[in-house]
Amino acid sequence: MFLKCFQLKPVLLVGGMSLAIGSSMVAQAAPELASSPVTHTNTPSQRIASIYQALPSGVSLYYGSLLTSIYRQHHQQPLWTDEAAIHSFEQQLSEVALSGVQPQFARWLSVLSRSDLSGDARDVVLSDALLGYLQFVNAAPAQGETWFYGPNGFRLTAPSSALVGRWLQAVNHGTTQHFIEGLMPQHPQYRPMQKALVVLLADNKPWPKVDLTHTIRPGDSDPAVPQLRQLLVRAGWLSEAQAQSSIPATPQPEPSQSTQPQTVAAPSQQRMLSPTPTSTNAAPASTGPAEDIYSDAMVSAVKRFQHWQGLTDDGIIGYKTREWLNITPHQRATLLALNMQRLRLLPDDMHNGIMVNIANYSLNYYVDGKTILSSRVIVGRPERKTPLMRSALNSVVLNPTWTVPNTLIREDLVPKLRKDPSYLAKHNFTLYSGWGADATTVNPSSVNWQTVSASAFPYRVMQAPGPQNSLGRYKFNMPSSDAIYLHDTPNHGLFQQDIRAISSGCVRVNKASQLAGLLLKDVGWDQSRISATLDSRTTRPISIRHRIPVNLYYLTAWVSEDGQAQFRTDIYNYDQLARSGWSAISNAEKFLL
109 MFLKCFQLKP
119 VLLVGGMSLA
129 IGSSMVAQAA
139 PELASSPVTH
149 TNTPSQRIAS
159 IYQALPSGVS
169 LYYGSLLTSI
179 YRQHHQQPLW
189 TDEAAIHSFE
199 QQLSEVALSG
209 VQPQFARWLS
219 VLSRSDLSGD
229 ARDVVLSDAL
239 LGYLQFVNAA
249 PAQGETWFYG
259 PNGFRLTAPS
269 SALVGRWLQA
279 VNHGTTQHFI
289 EGLMPQHPQY
299 RPMQKALVVL
309 LADNKPWPKV
319 DLTHTIRPGD
329 SDPAVPQLRQ
339 LLVRAGWLSE
349 AQAQSSIPAT
359 PQPEPSQSTQ
369 PQTVAAPSQQ
379 RMLSPTPTST
389 NAAPASTGPA
399 EDIYSDAMVS
409 AVKRFQHWQG
419 LTDDGIIGYK
429 TREWLNITPH
439 QRATLLALNM
449 QRLRLLPDDM
459 HNGIMVNIAN
469 YSLNYYVDGK
479 TILSSRVIVG
489 RPERKTPLMR
499 SALNSVVLNP
509 TWTVPNTLIR
519 EDLVPKLRKD
529 PSYLAKHNFT
539 LYSGWGADAT
549 TVNPSSVNWQ
559 TVSASAFPYR
569 VMQAPGPQNS
579 LGRYKFNMPS
589 SDAIYLHDTP
599 NHGLFQQDIR
609 AISSGCVRVN
619 KASQLAGLLL
629 KDVGWDQSRI
639 SATLDSRTTR
649 PISIRHRIPV
659 NLYYLTAWVS
669 EDGQAQFRTD
679 IYNYDQLARS
689 GWSAISNAEK
699 FLL
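Written out as structure tokens, the structure reads:
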């Protein structure tokens, strides 16, 4: 028999949490458990209760009463007899524990990593953890945006009876491994990210810290440079030989004139960070101890790091570069684990449509599974975030007008008009008396802007088509409750910045003209017709034949085609949950390495 020891132990929860689910089952089982001495073994409930005695000291179950019912249905037999299924589940549990979305997953992982947990007790703890994971997996597509991008993560409740039934059916049919593997994210990024996670966790050597509180530039002398040199060697961006040659033999007082850009090399597939050959040993720009000079060889290594990290590869060590240099491989592992769970919100495979990764400031347009256009984008600044959303493009507008949203009127336009009443005329705006079709134009100079309420603004403001129009020459319409859409911009120089979270929420597309050309070609518009319409400055909306799916998503970590883990700056502060996953690292290593 599965359970042989029959002493009832009070049900406490792993981590000391209070029982919030299954209270009806507890109430039903309690009289039966209390009616017989603990030494009797006559009832199924007494036999189930004995598992609490088998648990190691201080360990108990989260879904106690629900497990009682489940094991009763299974005639008190083990539910975990397939070692491959156990391995797959422990791996998935480790990944979700590292993500930090719910502390209870880390508690289950901690219990399962104990050497004194075995036999009956291990079986029931695996079942306890699976119940929480089932509910998480099932609800993630609908509720994951709140869990994965909010401050509080996911709240455990009981899984549905249908979910539990499917699990038990798999157990009875000997297909537990297939069932468990079906719970992992099905996105094609998942397996590469899983491999990268193992590489990061396996990197256990100490990580140097660069104690910099200010910006240093090529040629500067700073006491933190030796730490930087050590870190670049540790991370793999600088070899030991390059590190030695990076120390100038004789510091020179004259500034270096060598400012030529260095070749950026891709990281090796064998390490998170990797060295690239060739270093120079040009004269330093500053005097001071030789080892304190931020010399050209180190600058080249930092440029490679910055390029890999999605930062401007200028060799200048400012705040963002300092911040990322000090992120350890294990900390990166939790970031990767959180983004692995975010894959549950994405289409399993995008064959046709537009994908915009907000955190990477990138747009990719797929047709028949192939990328036919890639473009840089500009997204909303932190106080006006671009929302996560799914929609579909239905039309392209050539020479769009722009009606200023109320938020921008309140926060931006009214303050500008109070300082400069001629602002509207300078930027080709027209002021209307209201929002109705019968609204008339108003001369801005006739309005006393000092008395106009920003919160109850009585006018409508529209910008005419033309070179100054904030939407540029193209607007891509799609249904959105937040009035979010893709559009062009008159200022393409902004796309050269590495941090491009500077819009008011909509997505500006660098290659808007190419995107418009691809979409309009399908409805018979060639480039000459598009150009003629643009030259006319006449606003022309054009419906497209097929609705193009658009997915605005947010991944700060993924794996590129060359197999390298990629990380990006968390512009909206969504990655804080990953910090909660740090406590699970040592236990996750036991199941993932």
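Heads up: take any position in the sequence shown, counting from 1, add 108, and you land on this note's numbering.
All C-beta atoms in this analysis are idealised placements derived from N, C-alpha and C, irrespective of residue type, glycine included.
Given the structure is predicted, the values throughout are model-derived calculations rather than measurements.
List the endpoints of the continuous alpha helix (DSSP H) containing residue i.
{"i": "Gln302", "result": "Tyr298 to Ala310"}
{"i": "Ala199", "result": "Per the sequence presented here, residue 199 reads as Gln, with Ala not at that position. Gln199 -> alpha helix (DSSP H) spans Glu191 to Ser207."}
{"i": "Ile178", "result": "Gly172 to Gln181"}
{"i": "Val219", "result": "Pro211 to Leu220"}
{"i": "Val667", "result": "Taken as a continuous stretch (DSSP letters only), Val667 belongs to no alpha helix (DSSP H), being part of the beta strand (DSSP E) at Ala665 to Val667."}
How big is the Cα-Cα spacing for residue i and residue j?
{"i": "Ala398", "j": "Pro334", "result": "10 Å"}
{"i": "Met292", "j": "Gln243", "result": "13 Å"}
{"i": "Tyr298", "j": "Leu700", "result": "15 Å"}
{"i": "Thr494", "j": "Ala665", "result": "18 Å"}
{"i": "Thr559", "j": "Pro529", "result": "12 Å"}
{"i": "Trp275", "j": "Glu203", "result": "20 Å"}
{"i": "Leu111", "j": "His182", "result": "Note that Leu111 scores 45 on pLDDT, short of 50, meaning its location in the model is unreliable and no value can be drawn from it."}
{"i": "Tyr160", "j": "Asn246", "result": "28 Å"}
{"i": "Arg99", "j": "Leu308", "result": "The requested residue 99 does not occur in the structure, where the chain is confined to residues 109 to 701."}
{"i": "Pro186", "j": "Glu697", "result": "26 Å"}
{"i": "Ala564", "j": "Asn551", "result": "19 Å"}
{"i": "Ser218", "j": "Ala237", "result": "11 Å"}
{"i": "Thr509", "j": "Asp400", "result": "56 Å"}
{"i": "Gly488", "j": "Gln338", "result": "37 Å"}
{"i": "Pro587", "j": "Tyr241", "result": "34 Å"}
{"i": "Val485", "j": "Pro657", "result": "17 Å"}
{"i": "Pro139", "j": "Ser173", "result": "Residue placement at Pro139 is poorly supported in this model, since its pLDDT is 33, which falls under 50; the coordinates still yield a value, given next. Computed Cα separation, rounded: 13 Å."}
{"i": "Arg526", "j": "Gln200", "result": "58 Å"}
{"i": "Pro513", "j": "Ile610", "result": "16 Å"}
{"i": "Pro740", "j": "Ser196", "result": "Since the first and last residues shown for the chain are 109 and 701, residue 740 lies out of range."}
{"i": "Tyr531", "j": "Val615", "result": "25 Å"}
{"i": "Thr350", "j": "Asp476", "result": "In the sequence under discussion, the amino acid at residue 350 is Gln, which differs from the Thr named in the question. Spanning the two alpha carbons is a distance of roughly 46 Å."}
Exposed or buried, residue i, counting other C-beta atoms within 10 Å across all chains shown (16 or more means buried)?
{"i": "Asn695", "result": "buried"}
{"i": "Asp328", "result": "buried"}
{"i": "His295", "result": "buried"}
{"i": "Pro369", "result": "For Pro369, the pLDDT reaches just 42, beneath the cut-off of 50, and the residue's location in the model is therefore unreliable, although a value from the coordinates is still provided. Label assigned to Pro369: exposed."}
{"i": "Tyr427", "result": "exposed"}
{"i": "His70", "result": "Any property of residue 70 remains undetermined from this structure, which presents the chain solely from 109 to 701."}
{"i": "Pro259", "result": "exposed"}
{"i": "Gly261", "result": "buried"}
{"i": "Asn507", "result": "buried"}
{"i": "His595", "result": "buried"}
{"i": "Thr548", "result": "exposed"}
{"i": "Gly601", "result": "exposed"}
{"i": "Arg412", "result": "buried"}
{"i": "Trp633", "result": "buried"}
{"i": "Asn556", "result": "exposed"}
{"i": "Pro118", "result": "Low confidence applies to Pro118: its pLDDT is 34, below 50, so where it sits in the model is not reliable, and the reading given next is rough at best. It is exposed - the Cβ of Pro118 has fewer than 16 other Cβ atoms within 10 Å."}
{"i": "Asn468", "result": "buried"}
With DSSP collapsed to three states, give me the class of residue i.
{"i": "Gln243", "result": "helix"}
{"i": "Ala673", "result": "strand"}
{"i": "Pro249", "result": "helix"}
{"i": "Leu506", "result": "strand"}
{"i": "Gln571", "result": "strand"}
{"i": "Pro293", "result": "coil"}
{"i": "Gly601", "result": "helix"}
{"i": "Lys493", "result": "coil"}
{"i": "Ala692", "result": "helix"}
{"i": "Thr323", "result": "coil"}
{"i": "Ser482", "result": "strand"}
{"i": "Leu685", "result": "helix"}
{"i": "Asn465", "result": "strand"}
{"i": "Thr442", "result": "helix"}
{"i": "Val560", "result": "coil"}
Nearest by alpha-carbon distance to residue i: which of the options is it?
{"i": "Val209", "options": "Arg263, Arg222 and Tyr179", "result": "Arg263"}
{"i": "Ser207", "options": "Met448, Trp432, Ala405 and Ile424", "result": "Met448"}
{"i": "Val272", "options": "Ala248, Ala310, Ile194 and Leu175", "result": "Leu175"}
{"i": "Ile517", "options": "Gln571, Leu453, Asn465 and Thr436", "result": "Gln571"}
{"i": "Pro314", "options": "His438, Pro356, Leu234 and Thr321", "result": "His438"}
{"i": "Arg440", "options": "Ser173, Phe197, Tyr170 and Gln672", "result": "Gln672"}
{"i": "His322", "options": "Ile424, Asn681, Ala304 and Arg222", "result": "Ile424"}
{"i": "Ile652", "options": "Val505, Asp231, Ala351 and Ser408", "result": "Val505"}
{"i": "Asp706", "options": "Asn434, Asn468 and Ser196", "result": "Outside the modelled stretch of the chain, which goes from 109 to 701, sits residue 706, for which no answer is possible."}
What are the boundary residues of the beta strand (DSSP E) that residue i is part of?
{"i": "Thr538", "result": "Phe537 to Tyr540"}
{"i": "Val658", "result": "Arg648 to Tyr661"}
{"i": "Lys583", "result": "Tyr582 to Asn585"}
{"i": "Asn472", "result": "Ser470 to Val475"}
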